[in-house]
Structure formats: structure tokens, C-alpha cells
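Q: In our numbering, the protein residues as written are 277 to 1030.
Note that beta-carbon positions come from the ideal geometry of N, C-alpha and C, so glycine has one too.
Before I ask anything, here is the structure I am working with.
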Amino acid sequence: MQRLTNRLMVLLFSFTLCSDLTAAPVHAPCQKVVNRPCTALVLGGGGARGGAHLGVIRQLETQKIPIDLIVGTSIGAFVGGLYASGHSPDDIEKILQTLDWGAGFTDKVSRDEMPLRRTQQRDHYAIRLDIGLGTDGVKVPKGLLLGQAMAELIQHAYGVQSANQHFDQLPIPFRAIATNLRNKDTVVLAQGSLLAAVQASMSIPGVVQPMRLDGKVLVDGGVANNLPISVARQLGATRIIAVAIDAPLREEAQLDSAFAVTEQLTGFLVRQEVEQQKKLLTADDLLLEPRLSGIDTLGFEKMGLAIKAGHASAKANKAKLATFARPESYASWQQVQRKRLDNQSQISKVTLHNQSALADEVLLERLQITPGETYSANQLTSAIHRLYGLDQFERVRHQLSMQPDGSQELLIEAEDKSWGPGFLNFNFLMDDDFSSNRRVQLAASYNRTNLSPYGAEWYNEVAIGTDKLFSSELYWPIYNSGSFVAAKAYRTVGTLIVEDNEGLSLGDFIRQETVLALRAGMNLSDDAQLSAAWLDKSGRYQLPAFFANSFQSKYLHFTRQGPELKLQWDSLDHPSFPERGIKLDLSRQWLDDIFRGTEASSINTSLELIAATSWQNHRLKGRWLDQRYQSADGDIALEQYSLGGLLNLSGYPRNYLYSSALKFGSLVYMYKMHENRFSFFQSPFYLGGSLERGWVKDSIWQAANAFSADWVWAGSVFLGWDSPIGTVMLGYGQAQSLYSEQNQQLYLSIGQWY
């Protein structure tokens, strides 16, 4: 009687779900199964706990159990889709163990994948809120993550996949479960892009931006049905093996983070639905609930333990699983399941669905895909990286469509950020040596993009605090040639604290300057830019009392005009803790100066070179800096350069030594100690030390006279944190006491690049 009741419940529940299964005819996947019951494998959601699914699959293969249908939610869709598309358990284990899961939890484009202009903007404004600001008000993204990195993670795991296929045509028929965000209905994905279906099933609401497929806005399937037994029944499954891996409710002591609380609240709703789904199982079915204690939803580093737990759970039910076995026909079934996976595609055509303000030719130029050539999945992913690296798009999708001759059409869809085209970002800077020197600055940038089809933009900056900045720039690319023109006006106010050899303050040395720069240049590559500019500068120095007495004036006014030539190259993957790359910043200015009624000509030269390398968790960075002001006519230097501060002649206060000429070299070692790989903010810690040597000209003002000065040795030890608001450093430095008795300093800084 009980068994009959269960059957009736199954039929009734299945009937109520018919409206959600419009993607495929009812029972279609199981109609091909003859001479045996149709067996479905139902894989639930649970994040990193999903490694258990692979452990179960291994035992199924050991016992020669053919699977006729796979239905998966979230991580269950990810693992199930791999098995359904022809991957062996060994293939899947390699993917699960080697995949960079942490990369899926950040949409941040790597620094060395962005154009130089975007790199510089990101360096200066590390708090990347990307708030949309325009005439229609303030707008924000729909999730912490846009889903681009998640899409690339899935692409890397699955390889080349066709965009238009019915999932019944896979070696094992497959369904992915998602949730309709509008009404919380279960959505069964049965055709189209397998990669998009899996991503929709894994898009955690509020964390990953929803996926739009077939007119529906979709989020993680676990919201509606985390163990889709009812779907397998509706599709005709006679017998079901269901694997439930949903996280248990946490104890009070474990509710120690916002994510833990959110997961607990979500768990209440998910568990209710899962319990209802379990009631649909009959005595002919099998429910596996692996013991996964100690493995959190984001604990992907414990994926191996989850695999073992899944295998142990299945093995413990070996007797029941034996009733599913079909040893006489298993070999022929497996031959079909082990589909040959071709990871190469000959691209016959590139079709671009450009939903952005940029011209098609800009996007196609960055893709660098030539029709007729063959590309691997990794090469296609790299092409998408180049396009997404413009930091212009909300999401860039690519799909492959099979042509009659066996070649593939590459379909690219690029969407502008829906909360743009004006974006607001911030930076907070604090620098303290626990003595008399402290700098604090709060800065904001506003970038109005999409002023032309080739990427013109209006970029504005405001900074208040110890140092001040007001800047506005119009940047205008000349078609798609790589050339550009730019007009920039800015005003800076900088303060240097003057101290005697015993560290006693002698007052502030304040420089105010207004600059108009008209620039033309060429972007030689994403890493390199060559430009020339005409500069018009005017400003004044506000002198401390002991200087003011010498010049019989508190203020010294100046004007300067002339050309500038600049070469920039930057391939570092991080501004403070690089693993690889080179940075070169070379500029030279030829200026006509007017100062206190005297005219003079000057040459300003600045060279900075940084090179970085790494092995395992070790980082090594070298830096050379050479800056000088040269004038044969005047006796006062209008350009002041400075040393002092952590990793900038450690031991002295920041900007303590300043002059018209300096040289500095350093070698910095860093060890990467810890990184939160599976979080929205991957924030590693570094322990490091430095060896430094610097030189400054003895005289601040007498530009025409070359004074000899001794080189100063310095060194430091520090703890660094690559935090969500920029580099945080706590360090101790010591230098030779050539210039001051205050040659030992403890430093704390936030938001300052090193």
C-alpha cells in the first residue's frame, strides 16, 4: 500500500511540473532505452561538496551500472555535464583537482591583460566599486560578480562545445536545473549552449549576476530545486540514484561570517524542498547522502576529501547498487559514453553580436581570430580575455555553431555594462611613520565612457587630504589606428615636511601647480605607449620660515612651457607584489622657465625601471630610479624629487630627502604566505625584506652646480597585504645616518603602491 501511495505522489508531483519542462518532449530521453529500466542519476547542489558526485560515479563504473539520464543542479550540473558529455572519471577528477576554482570568484581582469590606460586607472583607484553615475541617477551591478570568470572556468573545464545542440544528443542525455528569478519556478535547460546552461545552474543569486537565456532571467537551480528527483521522473526515469550533498545547518558558534549567515538562511528554504523531493523516491530507487562534515560550500581545497566521501557512501550501498548493474550490456554503453573529445576547432566564420557602444572593428581587432585557422579552447579563451580586458563589458560570451562541412562558426556576444556609461571609483591613502609624518588622502575618479565608437572618454579625478588633486582629461582615439589625442588640465597641491637632523619640524614646503597638457601618442601594444605633449605649467612654492627669510618672500611664483616626450611600458601583473613583468617609465621635458623675473631653460629627465620574477611562492623585484633637473642658466631648481619611506630609502620618513637630482636602486624579496583562494576578495599576505641604496644631490636649489653626495645604504622588513582597498604594508626600515639621526622608522600605509 505504501509503495502504491509513493507512486501516486510521484505522478501527481510530476504532473504539476509539466509547465516547466517545455524544452523537451516528455519521456524523450528514456524512449531510447530498451530491455531494461531507464536509470537516472540525480546530482544535487552543494559547492565544493560536489566532489562526492565523482566518487559515486566511480563506484557506478566499478559495478558496471549504465546511466541513461543525468539531471543536475549547480555543482551537480557541472559534474554531471562533464560525465554526460563524454569525460571519464579520471578526466573529471583531473579537472576538479587542478581547476583554479578561486579564479571563478573574481571578475577582476588580470593587470597584464588590460590596456595600459586601464591599468593606470585601476592602480590609482583600488576601491573598484564601479558605481554607475549619470543623468538617470546612481546604478550598481546586479551581483558582486558579473559571471565572466565563472564562464571562463566552465569553458576551461569543458573545452570546445557547440552552441546549438539538444542535450539528448550528448553521450548521456542531460538536464541542468536553474531558477526563474521572476517567479522562482524551476527551469529545466535541455538545449542550446551546454556551457551557458551549466553556468545558469551555478549562478548564486546576489553573488553572481543572473544569466539571461531564452528570455528568462536565471539563477542557481538550488533556489527552486536542489535535488531534482521530480524532473528525472517527469522525463521518464524508472529508477533513480540520487546524491544529496546540501550543507547541514550550522551550529551557533559556526555563524561567524556574513556568508555563513546567508548560507544558513538559504539552507532553511533549500532543505524544505529537498525533503519534499526525497519523498518522491520509491523502494526501487537509491538515495546517497555522503558524510561531508568539515567540507564547506567554498572549501574547494578539500575536493579530494569530498571525492573519497562520495565513493565511500556508494561503496557502502554496494548491495543495493548491484540491482542497477547491467554487466552484459555495459561495454557497449560505455563505448558510446566515452565520446571522443575534440579540443580543436576550425573557425570558418566569426559572427559578432555587438551590444556595446564600441565599433565592431575595435572588438574584432582585439579578438585576433582569423577565419580558416584552427584554435584550441585555451586560445579561444585567451581571445575572450583580450576583449574583456578593455574593462568595457558586463559580459563577453562565445559559442560555436557547427557548419555542414564540419567547421565551426564562432559567435561572440559582447554587452556593455548595463549600469554605465559613467563610472565612479575611489581610493583611500594613509601613510604613517608613528612620528611627526602622516599623510591621509581620499580620492575619487569619474570616467564617462562611450563618447565615440573607438573608446573616447572623459576622465576626472578629485583628491583631498594632505596632498590634493583636481584633474580633468578628454581622451580621444583616432579611429582604430592605435593613435590618440588628449587634453588634460590638472591642479596639484603637495606638501613636504621639512625637518632638521634631529627630526624637529622646520615647517612645510608646499608646491602648488596648475598644468595644461596637450598630448598625441600611439598605443604600441596593450603594454606600451609612446607620446609627445606640449606642457604649460604655472604655480608657486610656499616656503617654510627659514627659506622665506633667505628669499625675502614666503611665495615663489613660476611659469614653465615646453614639449615632453614619454615612453611607457608596463607588463607587471601587480603594482606592488608582481610575479612577472617589466615596467619602464621614461620621460624628458625641455622647458622654458620664468622664475622671479628670470628666464632660463631646463631639462627634466625621469627614468624608472622595475623587473619582477617568481618561483613557487617566492617573489623578487628589482627597481632603479634616476631623476634629475638640469639648467645651465638658473640657480634655482623648479623640479624637486624625493626619497624616503618604506622601500624608497627605508629608515627615513617619506619624502624626507628631496633635491633636484636623485638615484635609487632596490632589490625586494617577498614570500606569499596565505591567500583566501575561494572568496570574492582574494587577499594574499606577503612577508618580505629589501636591500636599498640611494643618492640625492646635496643642494635643493642650486640647479647649475653639481654637488657631490654619498650613497646611502638602507634596508627593511615588512608584512604586506593585497587587500580589497589596495596595498596595506606594515614595515620597519633602517638606513645609514648620513642625512639625519632619525634613520629608523616604523611604517604603516594603506593604498600606497610600492
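Thinking just about the alpha-carbon of each residue, which of Gln307, Leu718, Ala808 and Arg451 is nearest to the one in Val738?
A: For the residues Gln307, Leu718, Ala808 and Arg451, the minimum Cα distance to Val738 belongs to Leu718.
Q: If we call anything under 7 Å between Cβ atoms a contact, is Val495 one with Thr462?
A: Contact: no.
Q: Is Thr235 helix, strand or coil when you go by DSSP?
A: Within the shown structure, residues of the chain are numbered from 277 to 1030, placing residue 235 beyond reach of any answer.
Q: May I have the straight-line CA-CA distance separating Ile453 from Val347, to the nearest angstrom?
A: Distance between the alpha carbons of Ile453 and Val347: 7 Å.
Q: Express the C-alpha separation of Gly1007 and Ser569 in angstroms, rounding to a whole number.
A: Answer to the nearest angstrom: the Cα atoms are 40 Å apart.
Q: Could you name the residues that DSSP lists as bridge partners for Ala1011?
A: The partner list for Ala1011 (beta bridge, DSSP) reads Ala990.
Q: If contacts are defined as beta-carbon pairs under 8 Å, then Gln837 and Leu806 qualify, I think. What distance do you get, rounded to the angstrom?
A: Not really, about 22 Å apart at Cβ, beyond 8 Å.
Q: Any idea what DSSP makes of Gly698, helix, strand or coil?
A: Here Gly698 sits in strand by DSSP.
Q: Determine whether the beta carbon atoms of Gly586 and Gly331 lie at a separation below 7 Å.
A: Yes; because the gap between Cβ atoms is below 7 Å, this pair is in contact.
Q: Please list, in chain order, all residues of the same chain as Lys591 whose beta carbon is under 6 Å from its beta carbon, the five residues on each side excluded.
A: Result list for Lys591: Gln335, in chain order.
Q: Is the beta carbon of Leu745 less than 7 Å from the beta carbon of Thr771?
A: In this structure, Thr771 does not lie closer than 7 Å to Leu745 by Cβ.
Q: For Thr374, report the span of its alpha helix (DSSP H) as first-last.
A: Pro365 to Thr374 is the span of the alpha helix (DSSP H), which, as asked, contains Thr374.
Q: Identify, in the order they occur along the chain, each residue of the same chain with its Cβ nearer than 7 Å to the Cβ of Ala732, setting aside the five sequence neighbours on each side.
A: Within the same chain, Ala732 has close Cβ partners Tyr751, Trp752 and Pro753.
Q: Can you give the Cα-Cα distance for Leu223 and Arg864, rounded to whole angstroms?
A: Nothing in the structure corresponds to residue 223, since the chain is present only between 277 and 1030.
Q: In this structure, what does DSSP give as the bridge partners for Ile754?
A: Beta-bridge pairing links Ile754 to no other residue.
Q: According to the neighbour-count rule (16 or more other Cβ atoms, all chains shown, within 10 Å of its Cβ), is Val484 buried or exposed?
A: Counting Cβ neighbours within 10 Å, Val484 comes out buried, since at least 16 surround it.
Q: Which same chain residues, not among the five before or five after Ser295, have their C-beta less than 6 Å away from its C-beta?
A: For Ser295, the predicted model reports a pLDDT of 38, less than 50, meaning its position is unreliable; a value from the coordinates is still stated below. Correct list: empty, nothing qualifies.
Q: Are the CB atoms of His629 and Glu551 nearer to each other than 7 Å?
A: No, the Cβ-Cβ distance between His629 and Glu551 is not below 7 Å.
Q: Under a three-way DSSP split, which group does Thr349 fall into?
A: Strand, per DSSP.
Q: Return the chain-ordered list of same chain residues with a C-beta closer than 6 Å to the C-beta of Glu637, the five sequence neighbours on each side being excluded.
A: Excluding residues within five positions, the ones whose Cβ falls inside 6 Å are Asn756.
Q: On a Cα-Cα basis, can you pick out the residue from Leu345, Leu574 and Thr315 that is closest to Asp245?
A: Residue 245 lies beyond the range of the chain shown here (277 to 1030); nothing can be said about it.
Q: Report yes or no: do the stretch 667-679 and the stretch 647-654 share at least 3 C-beta pairs separated by less than 8 Å?
A: No: fewer than three Cβ pairs fall under 8 Å.
Q: Give me the residue from Arg642, His674, Asp681 and Asn654 with the minimum Cα distance to Leu663.
A: It is Arg642.
Q: By DSSP, does Lys744 sit in helix, in strand, or in coil?
A: Here Lys744 sits in strand by DSSP.
Q: Distance check for Ile870 and Glu691, CA to CA, integer angstroms please.
A: In a straight line, the C-alpha of Glu691 is about 51 Å away from that of Ile870.
Q: Does Ser386 pass the burial test, meaning 16 or more other C-beta atoms within 10 Å, or should it be called exposed?
A: Exposed, because fewer than 16 other Cβ atoms sit within 10 Å of the Cβ of Ser386.
Q: Thinking Pro929 and Asn713 are a contact (beta carbons under 8 Å), I'd like their distance in whole angstroms, please.
A: With a Cβ gap of about 4 Å, Pro929 and Asn713 count as contacting.
Q: Where do the N-terminal and C-terminal ends of the beta strand (DSSP E) with Asp849 fall, by residue?
A: Counting along the chain, Asp849 falls outside any beta strand (DSSP E), and DSSP gives it neither H nor E.
Q: Below 6 Å CB to CB, which residues in the same chain sit around Tyr722 once its five sequence neighbours on both sides are set aside?
A: So the list reads Leu700 and Asn736, once near-sequence residues are dropped.
Q: In angstroms, rounded to a whole number, what distance separates the CA positions of Gln445 and Ala635?
A: If I take the Cα positions, the gap works out to 37 Å.
Q: If I follow the unbroken beta strand (DSSP E) through Gly857, where does it start and stop?
A: Counting along the chain, the beta strand (DSSP E) containing Gly857 begins and ends at Gly857 to Phe871.
Q: By the DSSP assignment, the alpha helix (DSSP H) with Val332 in it spans what residues?
A: Gly327 to Thr338 is the extent of the alpha helix (DSSP H) around Val332.
Q: With DSSP run on the structure shown, which of helix, strand or coil describes Leu995?
A: Strand.
Q: Output yes or no for whether 7 Å exceeds the beta carbon distance between Ala518 and Val318.
A: Contact flag set, yes.
Q: Check Leu1024 in the structure and name its three-state DSSP category.
A: Leu1024: strand per DSSP, three-state reduction.
Q: Is it buried or exposed for Gly927, if we count other Cβ within 10 angstroms and need 16 for buried?
A: Result: buried.
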